[in-house]
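One structure is given here, and the rest of the page talks about it.
2 protein chains.
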Amino acid sequence: MSDAKGIRILVVEDERPMRRFLSTTLAAREFVVVEAENLREARIAATAHPPEIILLDLGLPDGDGLDFTRELREWSRIPLIVLSARGREEDKVAALDAGADDYLTKPFGVNELMARIRVALRHGAAQEGGNVSEVLEIGPLRLDRVRREVLISGTLVTLTPIEYRLLLLLAHNAGRVLTHRQILKEVWGPNYVHQIHTLRVFMALLRRKVEPDPSRPRLLLTEMGVGYRMRDLWE
Amino acid sequence: MSDAKGIRILVVEDERPMRRFLSTTLAAREFVVVEAENLREARIAATAHPPEIILLDLGLPDGDGLDFTRELREWSRIPLIVLSARGREEDKVAALDAGADDYLTKPFGVNELMARIRVALRHGAAQEGGNVSEVLEIGPLRLDRVRREVLISGTLVTLTPIEYRLLLLLAHNAGRVLTHRQILKEVWGPNYVHQIHTLRVFMALLRRKVEPDPSRPRLLLTEMGVGYRMRDLWE
DNA sequence: AAAAGAGATCAAAAAATCATCAAAGACGGA
DNA sequence: TCCGTCTTTGATGATTTTTTGATCTCTTTT
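This is how it looks when you write it as structure tokens:
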């Protein structure tokens, strides 16, 4: 557990003894602890210099912790663990659905807390993978994410919003197969996961704009029965 | 909560009443439930057609659930929630550190379980593919689960969906004999367990694509009267 | 050595899945 | 509101995959 070195953790807790206990415990494990004793402070701390994980006590003096959770989730996926004295099932459900990643009922064991923090950090770390630069280059394709421009072997092609997002998603995952379901969920939203036909139409449109010979695709490959993939190996 | 439509969930639980309870509860919420009553079944079920989330009871008859968790984490990040009667802190820590995403102590409320499933799915959805880039290598066979690519001594072979799932299932259980029944259930679904002929046809197709000399198989071995097995020892 | 059971293989029919064009519907800006 | 653009839906033919049927091989048993 010494690998917490330097990880910023925000502790939102109004009772001083509890706050101190958490702080010293966490500091001993080499976290960098930021304290907040109410929502106002928590908001400031979370925004000014976002921590890598948040521990949130419900029942704060100046507002509802669930509101804070919902607010946070509008702009961030920072892992958040709720610590609460309330152990009723409906409290847990409410907190988890508000966007919390875990819920611990007081009193809890330190070891369990630490284990759950590790889990939350694991999730956080898993999401950061895609550190892609501003321009993607795959074979003859050149994709400028800042200017939202697409060049195919040097010449500019104009794409509609959906075409662009579709191409971007595939380029971002070049080489790996994306299922129809994944693509639809990502590009159209979770309610469209069954509209495979729409996806097919757009693949045809994209190919017409991007492939030299749309009937013999070299970049946008179909994986029969599964989905699509962008080729990433070029000799 | 009706947006669970079609989401595959694997329930690993040896006690029948509990298993039935979970199944009906989840089915009512439009999950597609896959059941396993021991680790052997769980391993098989998790491979050929991976579920989107797993519920795992510890204390199964044929092995330690934590070993299963660790095994799973070698090739996949499928969300996994442990359900256990053991409520001691050290049990929780052990499970979470083995790779579980959450830990519920029995008895638990259905609503809490559902809320925690939603959280787990949220995490799963957040990270694109869900699969760790881990390649399986068995003799001349090289199997990349992320790219969904199969190489046989260096050259790429293209497989149809069923061929791929079949090969994947065998590869994941290399060295172990799988009965016709098990294979059919996992690759084709529970309604096909008697269609042995179909399985034979596909084994022939696979061998033709994967074996140097299909009539003298070195990788995909027949276990007369029982099923098939992938060879796992190579000099 | 014949018969029976289990397995392999080839060819076809049947069923899914895909690509494409065209038309209808939705949306946004003049 | 009208028009042009973008998105969705419908219909059709082509392609690929899966299933089924028939035949042949191998092994074991009697």
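Chains as they are written, first to last, in our numbering: chain A, 1 to 235; chain B, 236 to 470.
Beta carbons are placed, not taken as given, at the ideal position from N, Cα and C, and that holds for glycine.
Per DSSP, reduced to three states, the secondary structure at A/S84 is strand.
At least one C-beta of chain A is nearer than 8 angstroms to the C-beta of B/L331. Using a Cβ distance threshold of 8 angstroms, B/L441 and B/G374 do not count as a contacting pair. C-alpha of A/I196 to C-alpha of A/Q182: approximately 11 angstroms in a straight line. Between B/R380 and B/W310, the C-beta gap is smaller than 8 angstroms, which places the two residues in contact. Taking C-beta atoms as the reference points, B/L261 and B/L295 fail to come closer than 8 angstroms.
Scanning chain B for C-beta atoms nearer than 7 angstroms to the C-beta of A/K92 yields E347 and A350, reported in chain order. In the three-state DSSP reduction, B/T414 falls in the strand class (E or B). In this structure the stretch 297 to 314 of chain B touches the stretch 324 to 339 of chain B; the number of beta carbon pairs closer than 8 angstroms is three or more. With fewer than 16 other Cβ atoms from the protein chains shown falling within 10 Å of its own Cβ, B/G424 counts as exposed.
The bridge partners DSSP lists for B/A271 are B/V247. Any Cβ of chain A closer than 8 angstroms to the Cβ of B/G344 would place that residue at the interface, and such an atom is present.
Counting only runs that start and end inside the stretch 322 to 396 of chain B, the alpha helix (DSSP H) elements of at least 4 residues fall at 324 to 333 and 345 to 361. A direct Cα-to-Cα measurement between B/E276 and A/V135 gives close to 46 angstroms.
DSSP, read as helix, strand or coil, puts B/R453 in coil. Taken through DSSP and simplified to helix, strand or coil, B/E458 comes out as strand. If you draw a 10 Å sphere on the C-beta of B/I316, you find 16 or more other C-beta atoms in it, and that means buried. The shortest CA-to-CA distance from A/A100 to any of A/T179, A/L56 and A/L184 is the one to A/L56. In the displayed model, B/G424 falls within coil according to three-state DSSP, outside both helix and strand.
Using a CB distance cut-off of 8 angstroms, A/V119 counts as an interface residue toward chain B. DSSP, reduced to helix, strand and coil, places A/I53 within a strand of the structure shown. Following the DSSP letters along the chain, one finds B/D302 inside the alpha helix (DSSP H) bounded by residues G300 to R308. For A/M224, the closest of A/T198, A/L184, A/L83 and A/L178 by C-alpha to C-alpha distance is A/L178.
Here A/K5 has E30 as same chain residues with Cβ atoms under 7 angstroms from its own Cβ, once five neighbours each way along the sequence are excluded. DSSP, read as helix, strand or coil, puts A/R229 in strand. Interface flag for B/H284 against chain A is unset, since no Cβ pair is found closer than 8 angstroms. The DSSP-derived three-state label of B/L293 is coil. The three-state secondary structure of A/H197, taken from DSSP, is helix. A check of alpha carbon separations from A/E211 across A/L104, A/I152, A/P50 and A/L121 identifies A/I152 as the nearest. Apart from the 5 residues on each side of it in sequence, A/R19 sits with its Cβ closer than 8 angstroms to the Cβ of V11, E13, E35 and E37 in its chain, given in chain order.
In this structure, the straight-line span from the alpha carbon of B/W469 to that of B/L403 is close to 19 angstroms.
Of the other Cβ atoms in all chains shown, 16 or more fall within 10 Å of the Cβ of B/S319; this residue is therefore buried. Taking all protein chains shown into account, A/N191 has fewer than 16 neighbouring C-beta atoms within 10 Å of its C-beta and is therefore exposed. For A/R29, the three-state secondary structure derived from DSSP is coil.
When DSSP states are grouped into helix, strand and coil, A/K209 belongs to the helix group.
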